[in-house]
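In this text, residue positions in the sequence shown follow our numbering: the first is 373, and each later residue adds one. Structure record follows, encoded as structure tokens.
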Amino acid sequence: MLRSVLSRLNTLNTNVFLKPPMFSSLVNPASLAQQNLDKLYETIIVEVRGHDRAVLNSYEFFAKTAATELDVHIARIWEPQVHKARRTLLKSIFIYKKHRVQYEFRTYFRLFELKHITGSTADTYLEYIQRNLPEGVGMKVTKTRLEKLPEHIANYLPEKKIAGHDNSRKNA
């Protein structure tokens, strides 16, 4: 039995097992260069919201320091209006209507605008500031990516006209 198995193995084509597959002929180097291009973002807006203004002030200082260390340019930082939600409730369920308590929930916002940043730098910076986000603070990131105009749209764009000159009209 063993002899028959060994004889069958000897009859197999050994060239199949010895030659490594050549994948380099299957891949186009031009497509590799195109795949490695980094994304470009025109603007990235980071919105941070929380219920404590002091925590947001501290986090703003941290985000600015991290940006300077990573050479990320923060175009501007601003604070929109505070959202206030008021709720009037009875002090107790079984008490008269004149005994009430008013609760107020304030939500503070801080927005950071990053301009003209590459994808790898943006990913690194955003991951770093997200990992160090304090408790009770939420973050929303809005990215505006730069894209090349598709060819089927670029072909139909009108040519630029020189200001003050119109070649289609004839002076009468």
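Built from N, CA and C at the ideal position, the CB exists for glycine as well.
Determine the direct distance from the alpha carbon of residue j to that of residue i, and round the result to whole angstroms.
i	j	result
E476	R482	20 Å
F466	Q474	17 Å
T514	F484	10 Å
H455	A438	28 Å
N504	L498	10 Å
V509	P530	48 Å
Y500	R448	19 Å
V444	E451	20 Å
I525	A494	29 Å
Y431	S492	22 Å
E519	Q502	26 Å
K463	Y413	52 Å
P522	T460	55 Å
R425	H471	31 Å
Grab the span of the alpha helix (DSSP H) containing residue i for me, first residue to last.
i	result
I465	Element bounds for I465: n/a, residue is neither H nor E.
E519	No alpha helix (DSSP H) holds E519; DSSP gives it neither H nor E.
K487	Careful: K487 lies outside any alpha helix (DSSP H), inside the beta strand (DSSP E) at R472 to T490.
H445	Premise fails: H445 is in no alpha helix (DSSP H) and is neither H nor E.
S451	Before going on, a small fix: residue 451 reads as Glu here, not Ser. Looking at the DSSP string, E451 is not in any alpha helix (DSSP H), and its letter there is neither H nor E.
E523	E523 to A526
Given a threshold of 16 other Cβ atoms within 10 Å of its Cβ, counted over all protein chains shown, does residue i qualify as buried or as exposed?
i	result
K542	In this prediction, K542 scores a pLDDT of 49, lower than 50, which makes its location untrustworthy; no coordinate-derived value is stated.
F433	exposed
L428	buried
Y528	exposed
Y364	Residue 364 falls outside the range modelled here, since the chain spans only 373 to 544, and no answer is possible.
Y468	exposed
Closest to residue i by C-alpha separation, out of the options, would be which residue?
i	options	result
I446	M511, V418 and T514	V418
P506	L521, V420 and T496	V420
E441	Q502, E519, T496 and K520	T496
N408	Q502, E523, P522 and T490	T490
Please look up how many angstroms separate the CB atoms of residue i and residue j, rounded, as I've assumed it's under 8 Å.
i	j	result
R517	K411	6 Å
R478	H423	6 Å
K512	T415	Not confirmed; about 14 Å, so no contact.
From what residue to what residue does the beta strand (DSSP E) around residue i run?
i	result
E414	L412 to G422
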